[in-house]
Amino acid sequence: MRSRALQAREQAVGRPLYYTEWNITSNPRDPLRDQSFAAALAVRIAMSVDDVVDAYSFWTFSDIFEENYFPSVPFHGGFGLMNIHGIAKPIYRAFQFMLQFGDVRYPTEGNHETVAVWVGRKIDGAHAPTNILLINQAMPRHAINDEPIQVCLSGTDGRHSRKVLIARIDEDHCNPARAWRDLGQPEYLSTAELEKIRSASEPAPTILACSEEGGVIVIDVTLPPQSLALVSIEWEHHDPSES
7 MRSRALQARE QAVGRPLYYT EWNITSNPRD PLRDQSFAAA LAVRIAMSVD
57 DVVDAYSFWT FSDIFEENYF PSVPFHGGFG LMNIHGIAKP IYRAFQFMLQ
107 FGDVRYPTEG NHETVAVWVG RKIDGAHAPT NILLINQAMP RHAINDEPIQ
157 VCLSGTDGRH SRKVLIARID EDHCNPARAW RDLGQPEYLS TAELEKIRSA
207 SEPAPTILAC SEEGGVIVID VTLPPQSLAL VSIEWEHHDP SES
């Protein structure tokens, strides 16, 4: 995707470059779209071209999609970021994570067949949290395992972490389709079932331990197959008015 985007950028000769109507597959009924696999792959694609294209638009926002009839089944592998009830799929949360990640990106070193890591922050000042976006993703029928990852963050300018949070998207987190299956896969949902499934789609950040030594912050996290995580480091800062 990146090589194609770079080629298109060269051919655009200064004109804006937009990637529109892209998805992880052209199959209108692909169960992978309802799983964390789609979220991790979308992050790999989008982050690989983010500095090349002017904008990109995922196809589509919702499973309510007229080109192919949409069944009443809540999860049927449709094109959307949300299902027919407006419940966010894992891939919707992935775009939320990328939005939280921010606009400033720091250089990273390291190479792995299935793992990719990006470090950044929002552009709104030195006190903004530092964000680490991680994926462990492989295409279907390719080898993938649980991966222990260690991120060593240098260049922190003497700052100390106040709190480190991690939000995950995997089989056990942000997985409304699993909640629906656990309910027996009802075709039509009661209000209580709808709320239970909606709740299962929500990110639930938790505290993550880290260590600091010699100006380097070390974070250890294990990612299961076909997953992603967003780690946010909130910094301590001194307010001169408190002196």
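Sequential numbering of the sequence shown, starting at 7, is according to the numbering used here.
C-beta: ideal position from N, C-alpha, C; glycine also.
Under the three-state reduction of DSSP output, THR228 falls in the strand class. Sequence-distant partners of MET53 (beyond 5 residues in either direction) whose C-beta falls short of 8 Å from its own C-beta, in its chain, are MET104, ALA122, TRP124, LEU139. Here ALA198 is exposed, its C-beta having fewer than 16 other C-beta atoms within 10 Å. According to the DSSP assignment, ALA122 belongs to the beta strand (DSSP E) that extends over 121 to 127. With a cutoff of 9 Å on beta-carbon distance, PHE67 and MET88 are scored as near each other.
Excluding residues up to 5 positions away in sequence, PHE76, GLY84, GLY86, ASN89, ILE90 lie with their Cβ nearer than 6 Å to the Cβ of ASP69 in the same chain.
In the DSSP annotation of this structure, the continuous segment of the beta strand (DSSP E) that includes ARG168 starts and ends at 167 to 175. Annotated three-state conformation of GLN106 is helix, per DSSP.
Put simply, of ASP36, ASP40, PRO135, VAL19 the residue whose alpha carbon is nearest the alpha carbon of HIS179 is ASP40.
For ALA44 and CYS216, the gap between their C-alpha atoms comes out near 29 Å. DSSP, read as helix, strand or coil, puts MET88 in strand. In this structure, DSSP gives THR114 a state outside helix and strand, which the three-state scheme calls coil.
For LEU189, the CB contacts under 6 Å within the same chain, skipping 5 residues up- and downstream, are GLU199 in chain order. With respect to the 9 Å criterion, PHE107 and GLY126 are classified as neighbours on the basis of their beta carbons. Rounded to the nearest angstrom, the gap between the Cα atoms of SER160 and PRO209 is 28 Å.
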